[in-house]
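Have a look at the structure below, then the notes.
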Amino acid sequence: MSSLPRIDIHCHALHPKIASKVVAQLQEHYRIPAVGNGLWEDIVPRMRKAGISYSTVLAAATKREQVEPANHFASTLVGTPGMIPFGTMHPDYEKYEDMLAFLWDSGIRGIKLHPDFQGFRLDDPRLEPLFAAMEGRFTLLVHIGDRLPPAENPTCPFKFAAIKKKFPKLQMIGAHLGGVWHWKHTVEALGGLDVYLDTSSSLFEIPQELLEEIFRAFPRRKFLFGSDYPLFDCASERELLQRRMKFTDAEMEEIMTNANALGLVTPQMKPLEL
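In this note's numbering, the protein residues as written are 282 to 555.
In structure tokens, the structure reads:
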């Protein structure tokens, strides 16, 4: 077994005041029954069962006014054993440089965008100064895909690829194996690009031939394990990925630990005791 800690790169731990509402919205939008209640105390035993030392805590500000409180809350989570908090941004928020400096000083190195829920398109040109400021410093994790075709959807593999081509030094993670329900476009849009793909919210429905095609098209070091809790359980997703891809234990361990290469775990962060 690898000496590196296992990381769940796609996870949501919600504030108790909004957890039940957000989980209900997720279930309604994706038509997937959630396995958890969205609270951190529900995640911890699942992490221990899967041997996972760190899970990201992802959030998405749906309007400009939410950026600062959401990021200040994320900063208070740094140091909670097992947590890797991510920041959030919005194209309507103009003080992004000051906010990036605050996040950096807090020990946060990742930004999550979910344009579908945040109310903008990933190809919105107002995002480009943010991407330029993040380049070489922060990791950008983007939700990709939905039921609309790529051109009509706020996100898609092609929009994600365009960002990487314009900002080649920006470290990027394409969620859901390059796009939930957009999997047939992943290889065409992202093949040959230096991007990471997380495995979250894919295994429940992706056809076997597409799953295998995507894993053949990219180096295994570019795949990151993600559960998308509270929709899915990390231990169950780990077992399902290994079974569907017929990975050896060593190959599966590589997927579970690849995220250590991204530099998201800063000295302020402590692993969960397993």
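All residues carry an ideal CB built from backbone N, CA and C; glycine is no exception.
Coil, strand or helix - residue i by DSSP
i      : result
Ile536 : helix
Asp289 : strand
Met550 : coil
Tyr377 : helix
Thr467 : helix
Met526 : helix
Leu521 : helix
Exposure label - residue i; buried when at least 16 CB within 10 Å
i      : result
Lys393 : buried
Ile425 : buried
Asp405 : exposed
His296 : exposed
Ala300 : buried
Glu322 : exposed
Arg327 : buried
Glu375 : exposed
Pro548 : exposed
Phe412 : buried
Paired residues, beta bridge with residue i - DSSP
i      : result
Leu505 : Asp479
Leu394 : Val423
Pro366 : Val338
Nearest-angstrom beta carbon gap, residue j and residue i [assumed within contact, 8 Å]
i      : j      : result
Glu378 : Ala414 : 6 Å
Leu422 : Gly400 : At roughly 18 Å, the Cβ-Cβ gap does not stay under 8 Å, so Leu422 and Gly400 are not in contact.
Phe383 : Glu416 : That belief does not hold up - the Cβ atoms of Phe383 and Glu416 are roughly 18 Å apart, past 8 Å.
Ser284 : Pro552 : About 12 Å separates the two Cβ atoms, so there is no contact after all.
Asp289 : Cys515 : 5 Å
Leu408 : Phe367 : Going by Cβ atoms, the distance from Leu408 to Phe367 rounds to 16 Å, so no, they are not a contact pair.
Ser483 : Leu458 : 4 Å
Asp479 : His291 : 5 Å
Sequence ranges, beta strand (DSSP E) only - wholly within the stretch 311 to 358, length at least 3: Complete beta strand (DSSP E) runs here, min 3: 335 to 338.
To test your reading of the DSSP string, which unbroken alpha helix (DSSP H) runs of 4 or more residues are found completely within the stretch 414 to 461? 438 to 447
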